[in-house]
Amino acid sequence: MEYKFPPFLTTVLTNLLKRKSTRPYPYQKRAPYPEVRGILKNQVEKCIFCGSCSLKCPANCIEINKQEGTWQYKPYLCILCGNCEAACPVKCLTHTTDFPLPCLEKKEILLKGTPPKRKQDKK
Amino acid sequence: MPKTIIPFGPQHPVLPEPLHFSLTVEDEIVQEAIPGFGYVHRGLEKLCEIKDIHKMIQVVERVCGICSKIHALCYCEGIEQMMGVEVPPRAKYLRTIWSELHRMHSHLLWLGLFADSFGFESLFYHFWRIREKILDINEKTAGNRIIVSVNILGGVKRDLSTEDQKWILAELKEIENKLEEVKDTLFKDYTISKRTKGKGILSAEEALYLGAVGPVLRASGVAQDCRQLQYAAFSELDFEPVIAQEGDSFARMQVRYFELFQSIDLIRQALSKIPEGPISVKVKGYPEGENVFRVEQPRGEVFYYFKANGSKFLDRLRIRTPTFANVPALAKMLTGIELADVPVVILSIDPCISCTER
Amino acid sequence: MPMFLKLFLFLLSPFAIGVILGIDRKLTAYLQSRIGPPIFQPFYDLFKLLGKESKTSDYWLSFCAYVYLCGAITCAFLFFLQADLLLIFFVQAVGSIFLVLGAFSVSSPFSQIGGQRELFQIIAYEPLLIAVIVGIYLVTGSFEISSIYKLNYPLLAKLPLLFLILTFALTIKLRKSPFDISASHHAHQEIVRGVFTEYSGSYLAIVELAHWFELVFILGLISLFWANSFFMSTILVFLTYFLEIIVDNITSRLTWRFMLKNAWSVGIILALINLIWLYKG
Amino acid sequence: MDIYILTLLSIPLLAALLVYIVPFSKAKYIPILALITTSIISIKIFNLNNFDSQLNLKFNYSHLITVLDFILLLFFIKKGWENKDKPILFFNISSLLLLLFLELKIDNSPNFLINIDNISQIMLLFVNIISLFIFIHAIPYMQKHREHFSLKTTSNNNFFCILLLFVAGMNGLIITNHLLHFYFFFEITTLCSYLLIGHDRTQEAVANSLLALRLNSLGGLFFLIGSTGLYFIFPSVDILKIVQKAPVNSLFLLFLAYICLAGMVKSAQLPFQKWLLGAMVAPTPTSALLHSSTMVKAGIYLLLRFSPLFANTFFSTTLALCGGFTFLATALLAIGQDNAKKVLAYSTISNLGLIIACIGINTPASITAALILTFFHAFNKALLFLCIGTIEQKIASRNLEDMRNLYTLMPLTAIITVFGAIAMILPPFGMLLGKWMAIESSAQNILLVLMLALGSAVTVLYWARWAGLFMGYKLREKIKLESQSLLTRIPLLILLLAVFLLPAYSPWLYQEKIYPFILTYSHIWKNNLYLLLGGSFQNSFGSFPLFPLFSLAILGFFIAHYFLLKAKRKPLEIPYFSGLSIDKSSFGYVNPLGQRVIPKTSNYYLLQVIENSKLALWIDRLSLIFILLFLGGGLR
Amino acid sequence: MKFIKRLLLTGIKKSPWLLHFDCGSCNGCDIETLAVLTPVYDAERFGVINVGNPKHADIFLVTGTVNRKNQEILNNLYLQIPEPKVILAVGTCALSGGIFAEAPNVIGGVDKIIPVDIYIPGCPPKPEAILEGVLKSVELLEDKVKNGKI
Ligand code: SF4
Ligand code: SF4
Ligand code: SF4
Ligand code: SF4
Ligand code: SF4
Ligand code: SF4
Ligand code: SF4
Ligand code: SF4
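Chains as they are written, first to last, in our numbering: chain A, 6 to 128; chain B, 32 to 389; chain C, 202 to 482; chain D, 66 to 701; chain E, 174 to 323.
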């Protein structure tokens, strides 16, 4: 086995001369990829409170009250898997491309919409 | 002769994960290493009783974040096999591509941590810089950097567009070049050889006897690779297991390094052969009976056992992970080495405690 | 040099070292293709540590930290007074020994092992430093630093191998790869941070400050190798330091057994060769 | 003057007799009184400045000494016969024959020759004073020792009697100027050491005492060979006359080499080191008195006496190399020891090697170094031995690892020991002053200076480790001062003070005693004498600002102590155990198996390297080569 | 005096040292935390060093769920960090247990055991998010100093 004397030297020296690979994050923000699953948003006006999202959520972070028309979401439980988005029949649930920001306390999100009138209610 | 007892872990800067070794050393030579586990144990196998088979995908993805995709792959293929679901060929290829990407990111991550274990900080950084490219591919194609969540029962969630495929190939080319660049460093640097050669030797017999798997086994000269079991699209791809003979930490590094090129090659093959078509089929009903499924993870063979009763919950899910299989070998390798080599040898099996303890 | 100038330089020296360490971190970052901390980072770290709560796991720690500081300051001070090199070297040992004693006084195995390793480092570099000092004596005929400034040629011309040995000792003292064995400045290590494990808050600051003063001596020793020109001695120090950084970044950490073996074989043989040249020449 | 000398010799002898007769409970303080007297006399002698160093006493014990000499040798022969020890028999019978021959040759049996010069003054001072403190310490020690081992066969009377005899012998050795009387006193120390090592009459003790007798008999034989040779070339038994007047030729140097060899055996230099290590089975006061602070200095004293004779010879250089090699090799061997007394023993041998190296360098600076080292080493070692004695009785172990965290158990003794150890290696204390001088003066000899450099680093290793070992303490225990008899504590404290304060006095010692001594041989020891300027030693190569350093050290100590007190106001925290759960009730952590683990650490003894017989073998071989070189050096 | 106080304040602002503890995470968050320290994100720009020793740390970064075995360790480490300190919970697991919240051996989020100052959601959070969290914790540290912790 022959040794080469410092094989990493060239790498290190090129690093010194070339542009640094650091992304200067807070000063320059990279545009997110379009497919990224970021914060979960519900356009609650469209929501029909069908409950599919709640049913499919592996972390159980969505609760729906069909009567009251509330859509309750615990972001601190959500694992951003995208199951709910895929399950939503009216596509009112979307992941934005922005990642959730750090915060000082855990807050739930409670959205209130108008639940669709049930058939028997109409009668 | 009085001895020094070192509580190595659970919180220790060279161990990325909580794991305890009670090391008894004498003049810094390890006399005895007693492992202690349980710091990451969550009991997630039991979650199968309250989360249905679809939700369990997300759970098994989080057995370990490093090769999450491959866990999900194993789980899905296992269930699909039980239910007799035929996955569309394009989905099979896509699964192969993502799982190979995961293997690469895992190996690169490991090479970095391994470099850190013998105090080569800039090499560590170098590998992690290369790795970022793969994470970018993940993020762009699957929506998340690490836990990609692309598998579903019956196929995959996302497709790769032609541009994406081209971009992946271009990125792979670049990664390949960058990897070639550090080849000399890994294999010809005096200090690295000094710290890795002959450390933690495991002969082929011992490796088989102690049940080692994956690169640990292959580095001892046993050509065993579960991808030859031909799950996903591996039956249509052409590859040979990478092996090395010495069975020491250096050999394990060698195996993992060359597996990176193997993965690049596999992804290229897959991309060239990928058929058009749907990416998933609808899965109806629930499985019944028992099944086992094995796939090759970056760390070796993972083994899933399913017991289903026809309801939407599984009766029992049991996961035997590669690190679990490698721990006896590790305990053997740790005795008689220097304290300074303990991190090197521990890392040489690429331990993943998260999956060992689940 | 007038007395007040010496005093002034002495007072300035820790700032210079702080800046040098800052440049070190910046350069290291550049070599790793990242941007790195600001140049004054070492000072920020120091101030922060001074302001933090210090958790003592043993009262001796505080005693040892301050003796270390006093020893290191004395050592730097004597250097600026251009005193006897061997004496300065022995004073320097006070600091290092007390650092080790501090590490030993805590029952944490990490700090204890760090102490043991530090001792092995001491026995690796001490003989080498003495050899360097003896080499200087053989050239100048005196152990006093002032005599070196009277030479009209650089010491480096006569002591090339001993200079090499000195850089070996410098690597150990700087706690840089491949010899960041008992405690490394930032990298991770199997013994956490070795001798520094149990120093926290202001004690860590004191120890760090003492380390700066120690570097004054070691870098000063390097500057002596081109003492007849201020400009060249500065260049020499920076060049050597730059090489140290490069070496730090292209090697992995070795073990103390390796270090000891090589210091005592290669190091001593090189020293012997150089000393014999001097003796015959 | 005469009366002083008479008392120096007779008071200890008388006391010895008294102790032998009177029951111990009553005789306890007799030795102390005797030693206080001799100490006062030695101080008096020390303070004398202008006196006739050579005295010819009116009384003449010469014949008595001759007779006693023969009795002594016969006694050794008897012991050799009883124990069927061929070497002892051979060495002593040869000695007997040589002595007989020599006594017959020296027809005009001279008077009782005395020479008290500056070095004798220094030696007398520390031998007597240190003995006094060791005796004080020995009283409670021996009482306990007897209880501890329930020794029936030996008595403490016996023990003190021999110790007193030893002090008398040592005093005689220092003041005599007669070659054969010197031999007699030399043999007295052999006798005492033989008896004291075997004091406990255990199997090991007996074996080791025989080993000591064997090697020291060899030393005696060397001495006689040397003196016979010298007498043939320069027929005189007056040591001073020999040193000043004898013609130095190669044959003469060869015989001188034999005499030096005798000194080296007594100082347990390699390869004759074994007896001193074996001697550590003896009760600790014995080790302290005989084998560290005083008796081994007899060998040094002998070499020092003759050193002007061989200045600037190749022989002297080889002597220096021998010493340097011993310094390095035994320091290395000390790393592998976990027996505290053995570490001390190796360290003694090592330091004596350093002193011999200084004598071998044979320049004014190095002779100064040798004297300074001799002086401070005696105090420092006495202190450390007494400390170990005290500790050993408390914890019933000599193993260093058992002394870990000793601070918890006996804070005062632990701190004293730590400071004793620190004083061995760090400036501005006496040992380091000596080492500094030694290295500076040896810088011309590359091989030697490298050996000294390596050796001094290794020395630092084992002392620092030792000091560190004691410092730790177990967290949640309240620490209270240990109770010990005043007779134990006072010597410790006084010796500690001596170790700490005497270095400050070293400029004066140098100015008053060492400098004049060197000046007496100014034709040989010419240039580069140290001068004192403002409390700093200076010569043309370097300077050691002792007073400024001392003041800085004191300042530093107080600063650090202030912060120590400040830190003590806060409660202690638990050390870092990788986050493992802390057992609140006591010190330590609970491991994953649920067992409580008290953190354990041990030193690195490098056993694979150091204890391996290969290294020992190599050291022995090399030392033999050095000895041969050294004898050859005489011939050149 | 005021000047010294200013110096200390600058110090605390510019030199947050990090202790990372993997408290039963799936490694996803850990590797992202490590990624923050590597060149591409280079947290050392803000003086961050991953010290690996609680006695030297200012920021305690915890990833993963708390289980019955590691809760004590988490608490011990928390106690060993000298004041002023900030606790960062990284990832859904550390926030609440996330997907494992119902698992048999999981107690829940980190805040069940020790007080958490900043929560970083995500599974795993992106390195940028972790970096944001670190920057936020620096402000918190500064506040703690100003509010007379020292
Ligand atoms: S993204 Fe996943 S975890 Fe989050 S709410 Fe949707 S389904 Fe639940
Ligand atoms: S507090 Fe804000 S950032 Fe944090 S989990 Fe809740 S919604 Fe997300
Ligand atoms: S799945 Fe969509 S529509 Fe249905 S409740 Fe959820 S958000 Fe509303
Ligand atoms: S396997 Fe884990 S979760 Fe299940 S009972 Fe045992 S400890 Fe609890
Ligand atoms: S093998 Fe390792 S990386 Fe893969 S899932 Fe298991 S624990 Fe995670
Ligand atoms: S039998 Fe199996 S499951 Fe039961 S305790 Fe033993 S190892 Fe655990
Ligand atoms: S316990 Fe599990 S891993 Fe062990 S032999 Fe049985 S099935 Fe295999
Ligand atoms: S939050 Fe997600 S990525 Fe992080 S540890 Fe938990 S499961 Fe893993």
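Ideal Cβ positions, reconstructed from N, Cα and C, are used throughout, including at glycine.
Here the structure is a predicted model, which is why all the values come from computation and not from measurement.
| Asked | Found |
| --- | --- |
| One or two residues paired with asparagine 182/B in a DSSP bridge | Val187/B |
| Chain-ordered residues of the stretch 80-97 of chain A with a beta carbon less than 8 Å from chain E | Pro80, Tyr81, Leu82, Cys83, Ile84, Leu85 and Cys86 |
| Close-in-space but distant-in-sequence residues of the same chain around lysine 317/E (CB under 6 Å, 5 per side omitted) | Pro257 |
| Sheet register partners of asparagine 593/D (DSSP bridge) | Note: asparagine 593/D sits in no beta bridge, so no partner. |
| The beta strand (DSSP E) enclosing isoleucine 171/D, as first and last residue numbers | Run containing isoleucine 171/D: none; DSSP gives neither H nor E here. |
| Inter-residue spacing [alpha-carbon to alpha-carbon] between isoleucine 178/B and arginine 189/B | 14 Å |
| Exposure of asparagine 320/E, with buried meaning 16 or more beta-carbon neighbours within 10 Å | exposed |
| Nearest neighbour of leucine 109/A, chosen from Val221/E, Glu312/E, Ile272/E and Pro277/E [CA to CA] | Glu312/E |
| Identity of the residue in Ile432/D, Gln208/D, Ala353/D and Phe200/D nearest leucine 369/D by Cα | Ile432/D |
| Residues in the stretch 338-360 of chain B having any Cβ partner in chain D nearer than 8 Å | none |
| Against chain E: residues of the stretch 216-230 of chain C by CB proximity under 9 Å | Arg226 and Ala230 |
| Span separating the alpha-carbon of isoleucine 114/A from that of serine 59/A | 14 Å |
| Residue range of the beta strand (DSSP E) that includes lysine 205/A | Outside the displayed span of chain A (6 to 128) sits residue 205/A, for which this structure offers no information. |
| Rounded C-alpha distance that separates threonine 218/D from threonine 482/D | At threonine 218/D, the pLDDT of 47 sits below 50, so the modelled position is not reliable; the number obtained from the coordinates is stated separately. Those two C-alpha atoms are separated by around 33 Å. |
| Pair within 8 Å by beta-carbon distance, valine 307/C and glycine 644/D | no |
| Glycine 315/C, enclosing alpha helix (DSSP H) - first and last residue | 310-341 |
| Sheet register partners of histidine 389/C (DSSP bridge) | In the DSSP output, where bridge partners are listed per residue, histidine 389/C has none listed. |
| In chain order, each alpha helix (DSSP H) run of at least 4 residues that lies wholly inside the stretch 230-268 of chain D | 244-262 |
| heavy atom of ligand 3 below 7 Å from isoleucine 53/A C-beta | yes |
| Exposed unless 16 or more other CB atoms sit within 10 angstroms - verdict on lysine 406/D | buried |
| Min CB distance isoleucine 246/E to chain D below 8 Å | yes |
| Three-pair Cβ contact test at 8 Å for the stretch 226-240 of chain B versus the stretch 263-282 of chain B | yes |
| Limits of the unbroken beta strand (DSSP E) element including glutamate 254/C | Element bounds for glutamate 254/C: n/a, residue is neither H nor E. |
| Top-ranked residue by Cα proximity to alanine 443/D, from Leu561/D, Gly454/D and Ser292/D | Leu561/D |
| Validate contact between the stretch 193-207 of chain D and the stretch 350-363 of chain D using beta carbons, cut 8 Å, 3 pairs | yes |
| Cβ-based neighbour list, leucine 597/D, same chain, cut-off 8 Å, excluding 5 preceding and 5 following | Pro572, Tyr575, Gln576 and Gln603 |
| C-beta neighbour in chain A for aspartate 215/B, strict 8 Å | yes |
| Cβ pair phenylalanine 350/B, valine 94/B closer than 8 Å | With the sequence shown as reference, residue 350/B is identified as isoleucine, and phenylalanine is not the correct amino acid for it. Yes, the Cβ-Cβ distance between isoleucine 350/B and valine 94/B is below 8 Å. |
| Meets three-Cβ-pair contact criterion under 8 Å: the stretch 243-259 of chain C and the stretch 296-313 of chain C | yes |
| Residue of Gln112/B, Ile88/B and Glu111/B minimising C-alpha distance to asparagine 101/B | Inspection of the sequence shows that residue 101/B is occupied by isoleucine rather than by asparagine. Taking only the C-alpha atoms, the option nearest isoleucine 101/B is Ile88/B. |
| Which listed residue (Ile490/D, Gly285/D and Met345/D) has its alpha carbon closest to that of leucine 367/D | Gly285/D |
| Helix, strand or coil at phenylalanine 151/B according to DSSP, with G and I counted as helix | coil |
| Stretch-stretch touch, CB-based, cutoff 8 Å, three pairs: the stretch 222-232 of chain D with the stretch 245-265 of chain D | yes |
| Candidates Pro119/B, Leu125/B and Pro329/B: closest to valine 286/B by CA position | Pro329/B |
| Exposure of glutamate 290/B, with buried meaning 16 or more beta-carbon neighbours within 10 Å | buried |
| Min CB distance leucine 645/D to chain E below 8 Å | yes |
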